[in-house]
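A.B. asks:
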Amino acid sequence: MSDVHVYTSCNYYYLDRAKVLATSLKRHNPNYTFWLLLTDYPDDVYSHDWSAEPFDKVFWSTDLPVQNVNQWMFKHDVVELCTAVKGPFLEYLLAQGCEKVIYLDPDIAVFDSLGSIERLLDTYSIVLTPHQLEPESKHEVFAIQDNELCSSLHGVFNLGFVAVKNNKQGNQFATWWSDRLQAFCFDEKDKGIFVDQKLCDLAPCYFSELYILRDYGCNVASWNLGHRKIKITDEGTILVKNDTLKFYHFTKLGPIGDIMTERYAKDNVEVYELWAWYKRKVIEFKDERLPKTWYYGYYANGEKVTNEARILYRHRKDLQNYFTDPYSTEKDGGYYQWFLVNA
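If you read the sequence shown in full-length UniProt numbering, its first letter stands for residue 1, the second for the next number, and so on.
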């Protein structure tokens, strides 16, 4: 039995995508243990049968070893929180004795064995993938803006993937990343922050045992399709240049994703075949019974938490000290009522 543990983080809205990830991972890596880190809450009406799902283990964000976890979660919107939890959960898995841990975004699908990544962790402590592996032509201004400049703004590495070994430097990385995410995992690009990702621009400077994975078959996505022509052999092997396709990042499912794919895939028909397959799988795994709203986006009285309320609470220690559970509306209406009157 392999001691490789793979996890993803999402809320109910992305559960269909997480199922595609889990089933595709297990198809090619049956001995890996797959964890779903769910940043949502069990619905009072709908009781979900997790034993029928393709996940080996399900872990709820409220069980993370984070101080004042409700306060901490309240400070984040859904994207910020689903990325912020990645660091504390990585620490948790390493503390449980997991030898090798891989994180994959829920909108990824696996198409081959990840054994090459597993073997890298025999030598290195941390593995990251850059958004880009080749510079754009100086004549491709839109590509420079979409890919190079956008990567500079959001982070050199795509944190839809990270692999860590349970050794001294692997744990040092996990602790550093977790600490920073608990304090700074916000979409504040004007302050040099983009959720969990931009921070890791510093990781190669801090951690000498970090390996930058330059495999064209890893983390293929719209932001690098211009340099990653895909073909499918007669035997059914999917190749990206000379590398086998390990995993594809199906980011921004919908019109935006279609536009960016068409812009850079151009006449690479195999890319559209992959997308058609992915869209069918997402529909196959969709469960209309699931809650339609994000639990942590609402106060206890059912009113929506605004971004303005989150940001004010994030920066006001006096409010955090007084309203220890900002979701609660019991004590004179709680933070919800205070914000209505005073903000």
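Don't be surprised by glycine CBs; every beta carbon is placed ideally from N, CA and C. In this text the structure is predicted, and so the values were computed from the model without any measurement.
(1) Would you mind working out which of 303, 187, 339 and 302 sits nearest residue 320, comparing C-alpha positions?
(2) From residue 12 to residue 229, what distance separates their C-alpha atoms?
(3) Quick check on DSSP: helix, strand or coil for residue 248?
(4) According to DSSP, is residue 347 helix, strand or coil?
(5) Near residue 250, what residues of its chain come up, given a Cβ to Cβ distance below 6 Å and the 5 sequence neighbours on each side ignored?
(6) Tell me, which residues are paired with residue 108 by DSSP?
(7) For the beta strand (DSSP E) holding residue 9, just list the boundary residues, first then last.
(8) The beta strand (DSSP E) spanning residue 66 covers which residue range?
(9) Alpha carbon to alpha carbon, how far is residue 167 from residue 289?
(10) So what's residue 343 in DSSP terms, helix, strand or just coil?
(11) Starting from residue 219, follow the beta strand (DSSP E) in both directions and report where the run begins and ends.
(12) Below 8 Å, how does it come out for the region 57 to 75 and the region 27 to 44: are there three or more Cβ pairs, yes or no?
(13) In the DSSP assignment, find the beta strand (DSSP E) that holds residue 211 and state where it starts and stops.
(14) Shortest alpha-carbon distance to residue 99 belongs to which of 213, 268 and 170?
(15) List in chain order: all unbroken beta strand (DSSP E) runs of 3+ residues lying wholly within the region 132 to 199.
(16) What are the partner residues of residue 33, as DSSP defines its beta bridges?
(17) For residue 296 versus residue 335, is the C-beta spacing smaller than 9 Å?
(18) Between the beta-carbon of residue 187 and the beta-carbon of residue 79, is there less than 9 Å?
(19) Pull the bridge partners of residue 102 from the DSSP assignment, please.
(20) Work out the CA separation of residue 220 and residue 270 for me, nearest whole Å.
(21) When you compare the region 203 to 216 with the region 235 to 246, are there three or more beta-carbon pairs, one atom per stretch, that lie closer than 8 Å?
(22) Less than 9 Å separating the beta-carbons of residue 9 and residue 91?
(23) Let me confirm a value: residue 87 is counted as buried when at least 16 other C-beta atoms fall within 10 Å, else exposed. Which label applies?
(24) Just confirm the distance between the C-beta atoms of residue 85 and residue 37, as a whole number of angstroms; I'd bet it's less than 8 Å.
(25) With a threshold of 8 Å, are at least 3 pairs of Cβ atoms found where one atom belongs to the region 64 to 78 and the other to the region 305 to 319?
(26) Starting from the Cα of residue 159, find the closest Cα among 7, 48 and 240 and give me that residue.
(27) By Cβ distance, which residues of its chain are closer than 8 Å to residue 66, with the 5 residues on each side in sequence left out?
(28) Could you tell me which residues DSSP puts in a beta bridge with residue 59?
C.D. replies: From the atom records:
(1) Comparing Cα positions, the closest option is 339.
(2) Spanning the alpha carbons of residue 12 and residue 229 requires a straight line of approximately 33 Å.
(3) Residue 248 carries a strand assignment under DSSP once its states are collapsed to helix, strand and coil.
(4) This structure gives no information on residue 347, because the portion of the chain shown stretches from 1 to 343.
(5) Same-chain partners within the cutoff: 107 and 278.
(6) Note: residue 108 sits in a beta bridge opposite 249.
(7) Bounds of the beta strand (DSSP E) holding residue 9 are 4 to 10.
(8) Careful: residue 66 lies outside any beta strand (DSSP E) and carries neither H nor E.
(9) Each residue's Cα considered, the two are about 42 Å apart.
(10) DSSP places residue 343 in coil when its eight states are reduced to three.
(11) Residue 219 -> beta strand (DSSP E) spans 218 to 220.
(12) Touching, yes, given that three or more Cβ pairs across the two stretches are closer than 8 Å.
(13) 210 to 212 is the span of the beta strand (DSSP E), which, as asked, contains residue 211.
(14) For residue 99, the nearest C-alpha among the options comes from 170.
(15) Listed in chain order, the complete beta strand (DSSP E) runs (minimum 3 residues) inside the region 132 to 199 are 161 to 165.
(16) Paired residues: 5.
(17) For residue 296 and residue 335, no; Cβs fall outside 9 Å.
(18) Taking 9 Å as the Cβ cut-off, residue 187 and residue 79 qualify as a contacting pair.
(19) Assignment of beta-bridge partners to residue 102 by DSSP yields 6 and 163.
(20) Residue 270 and residue 220: Cα-Cα distance of roughly 13 Å.
(21) Yes, since at least three Cβ pairs between the region 203 to 216 and the region 235 to 246 fall closer than 8 Å, the two stretches touch.
(22) Their beta carbons are not under 9 Å apart, which means residue 9 does not touch residue 91 by this criterion.
(23) By the 10 Å Cβ count, residue 87 comes out buried.
(24) 6 Å between Cβ atoms; contact.
(25) Inter-segment contact for the region 64 to 78 and the region 305 to 319 is present: three or more beta-carbon pairs are separated by less than 8 Å.
(26) If we check each option's Cα against that of residue 159, 7 comes out closest.
(27) Same-chain partners within the cutoff: 72, 88 and 182.
(28) Partner(s): 37.
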